[in-house]
Amino acid sequence: MTKLYIYNSLGNQKEEFIPIDSSHVRIYACGPTVYSYAHIGNARMAVVNDLLTKIIKKIYPKVTYVSNITDIDDKIIKTSQDLNVPFKQITRKFEKIYNEDMINLGVIKPDIQPRATEYISDMIKLIQKLIKNNNAYEKDKHVLFHVPSFQKYGELSGRNREEQIIGSRVEVAPFKKDPTDFVLWKPSANNVPGWDSPWGYGRPGWHLECSAMSEKTLDIPFDIHSGGVDLIFPHHENEIAQSCAAHKNNNPKSFAKYWVHNGFVIVDGEKMSKSQGNIRLVNDLIKSYDGEVLRLTLISAHYRQPLNWTISAINQSKNILDKFYRTLKELEKIEIPDKIDIPEKVFNALCDDMNTPQALAELNKIIKNLNTASKDEKIFIKSSIIGAGNILGIFQKNPNEWLNYGRSEILDDKTVNKLINERNKARKNKDFKKADEIREKLKNKGIEIEDKENETIWRSI
RNA sequence: GGCUCGAUGGCAGAGUGGUUAUGUAGGGGCCUGCAAAGCCUUGCACAGCGGUUCGAUUCCGCUUCGAGCCUCCA
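Per numbering that gives the first Met the number 0, the very first residue in the first sequence carries number 0; after that it's consecutive.
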């Protein structure tokens with residue numbers, strides 16, 4: 000069996016992936032808070048986890064991938080108040096858009112996509128356990144997690160409580176016993192979404208939903224917990240504290256064994272933020288670029304590295320895809336088996352902490368000797384592209400459609416073919432001036448022609 | 001101030017204690033009537049300074065610079 004290595008943020012090193020139960024691998028990825036359109040950073044997380052899940056599914060017979068929808072949170076409430084519409088209207092709308100956008104990026108929908116609002120009772124039960132275990136306390140209608148009560152707090156992010164307090168820039172709420180305590184439950188005003196609880200009408204604090212949903216859907220401990228790097232602290236640290244403390248277990252691995260964090264997307268070298276006005280929304284990008292172009296751009300750097308989102312990076316991805324699709328076009332008549340597998344070297348690269356650039360490099364090496372390849376080698380090349388593409392989420396289209404062969408929005412086929420015939424007659428008669436004129440004319444209509452041995456093919460550019 | 005992670009050729013981006021990926025852009029060539037596409041070829045990259053070593057871009061330390069977190073964030 001292929002060994003999979005992944006970098007575990009819990010311990011900061013690359014480790015061999017050994018499932019808790021090899022007959023059922025369980026993965027949880029922190030999903031989006033649905034109050035607006037998904038940006039390219041959300042997409043990176045979704046693509047990375049989609050790929051990770053696909054790799055693991057190649058190795059293990061049963062995998063459950065859970066990624067939640069956070070559909071209650073203060074940003075959602077604010078958006079709902081600003082727009083004066085019920086919060087559910089917002090969350091359902093953006094949840095739908097998120098899923099559609101991700102499909103465009105070749106992301107398979109998670110096996111389970113739990114909504115936070117549907118797990119409120121589990122959250123309440125979790126809080127009750129924490130209170131019972133003396134890890135949480137009620138104060139002024141809030142329930143807070145008492146951080147000093149959890150010995151291993153800070154193990155994931157590598158920070159200690161004292162330093163954090165010293166460096167803290169946040170004002171400490173008066174009802175906190177300790178400055179690092181965080182909210183499990185908070186009161187809601189009557190005009191704000193909330194649920195009845197033993198502590199009054201209110202809503203859960205951030206962090207709690209993931210603890211409740213991951214345990215409920217996957218049971219703990221599960222194998223992999225993932226998300227963006229920025230979630231390491233405080234979100235994941237707090238999840239660990241809640242989930243472990245509720246079960247009176249001090250070991251962070253009693254919650255999740257491997258922690259996988261993807262790097263940030265930066266835009267033209269700058270942090271993507273509202274104030275910079277440089278947020279790149281998938282929903283907008285998809286209008287200008289094919290989903291495969293965006294997906295390839297997202298996997299063109301290693302998932303833990305920062306990814307600089309630039310026009311030239313996108314264009315380069317487009318060029319690379321064009322090249323592979325041209326290769327597939329060359330191999331159009333080569334029949335490949337129905338059941339194809341990913342080439343070994345490509346898969347090995349992916350199993351080495353999801354080294355996608357290496358995987359792409361290996362694939363490039365495979366297609367290199369195309370024109371000296373025997374028929375069997377051509378079958379291998381084509382299978383390799385398709386097989387690798389299936390797992391990477393690219394090369395899923397028909398090459399003719401991708402490259403716009405025989406399609407034009409400006410001229411109809413008949414006109415194009417008539418002009419090409421005229422040109423070929425002119426070429427036969429060595430009337431190259433006329434032939435070039437016709438080629439130029441077609442080019443002005445966005446049509447590029449390619450003279451093959453026995454035929455002339457054309458495409459829109 | 002504390003905690004992470006980085007610094008590789010024009011650009012993108014892996015990797016390695018000695019043979020120096022891959023892509024893309026550029027130079028040269030082949031093919032073509034000319035193109036397009038493709039192919040071949042080329043490029044003295046590993047931030048700086050010390051240390052370990054027979055040998056370091058790769059290991060260690062320091063410096064400089066960059067990104068992120070410590071506040072909502074994927």
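Beta carbons: idealized from backbone N, C-alpha and C, even for Gly.
In this structure, tyrosine 59 and proline 18 form a Cβ contact; the two beta carbons are roughly 7 Å apart against a cut-off of 8 Å. Between the alpha carbons of glutamate 208 and serine 299 lies a gap of roughly 32 Å. Of the candidates Leu280, Ser225, Trp258, Pro220, Pro220 places its Cα closest to the Cα of asparagine 248.
No Cβ-Cβ contact shorter than 7 Å links tryptophan 205 with isoleucine 119.
With a cutoff of 7 Å on beta-carbon distance, isoleucine 419 and threonine 455 are scored as near each other. The criterion of a C-beta distance shorter than 7 Å is not satisfied by aspartate 229 and lysine 256.
By the Cβ test, the region 425-434 is not in contact with the region 132-143, since fewer than three Cβ pairs between them sit closer than 8 Å. Selection Lys270, Val266, Ile333 evaluated against isoleucine 313 yields Val266 as nearest (Cα-Cα). Assignment of tyrosine 324 by DSSP, reduced to helix, strand and coil, places it in the helix class. In the three-state reduction of the DSSP assignment, arginine 160 falls in the helix class. The region 338-349 makes contact with the region 371-386; the number of CB pairs closer than 8 Å reaches 3 or more. When the alpha-carbon of isoleucine 319 is set against those of Lys332, Ile393, Lys131, the nearest one is in Ile393. Cβ-Cβ distances below 7 Å link threonine 116 to Asp70, Ile71 in the same chain, with the five nearest sequence neighbours on each side left out; the list follows chain order.
Residue pairing for serine 225: DSSP places it in a beta bridge opposite Ala28, Val259. Taken in chain order, the whole beta strand (DSSP E) runs of length 3 or more contained in the region 346-413 number zero. Taking C-beta separations shorter than 7 Å and ignoring five residues to either side along the sequence, the partners of asparagine 403 in its chain run Arg458, Ser459, following chain order. If the five residues before and after tyrosine 97 are omitted, its C-beta is found closer than 7 Å to the C-beta atoms of Pro31, Val33, Ala37, all from its own chain and listed in chain order.
Taking the Cα of glutamate 400 as reference, the smallest distance to any Cα among Leu327, Gly268, Lys175, Lys138 is reached at Leu327. Between the C-alpha atoms of glutamate 154 and lysine 87 there is a straight-line separation of about 36 Å. Contact check between the region 231-248 and the region 91-107: fewer than three CB pairs, one atom from each, fall below 8 Å, which does not count as touching. Taking C-alpha positions only, glutamine 241 is separated from aspartate 180 by approximately 11 Å.
Considering only Gly10, Leu330, Leu441, Gly290, the residue with the shortest C-alpha distance to serine 316 is Gly290. DSSP places aspartate 218 outside any alpha helix (DSSP H), giving it a letter other than H or E. Under DSSP, alanine 135 forms a beta bridge with Phe144.
Between isoleucine 54 and the set Lys77, Leu3, Gly10, Val171, the nearest pair of CA atoms involves Leu3.
When DSSP states are grouped into helix, strand and coil, tyrosine 118 belongs to the helix group. If you draw a straight line from the Cα of glycine 40 to the Cα of isoleucine 365, it is about 31 Å long. In this structure the region 350-357 lies against the region 300-307, because at least three pairs of beta carbons, one per stretch, are closer than 8 Å. In the DSSP assignment, glutamate 14 falls within the unbroken beta strand (DSSP E) covering 12-15.
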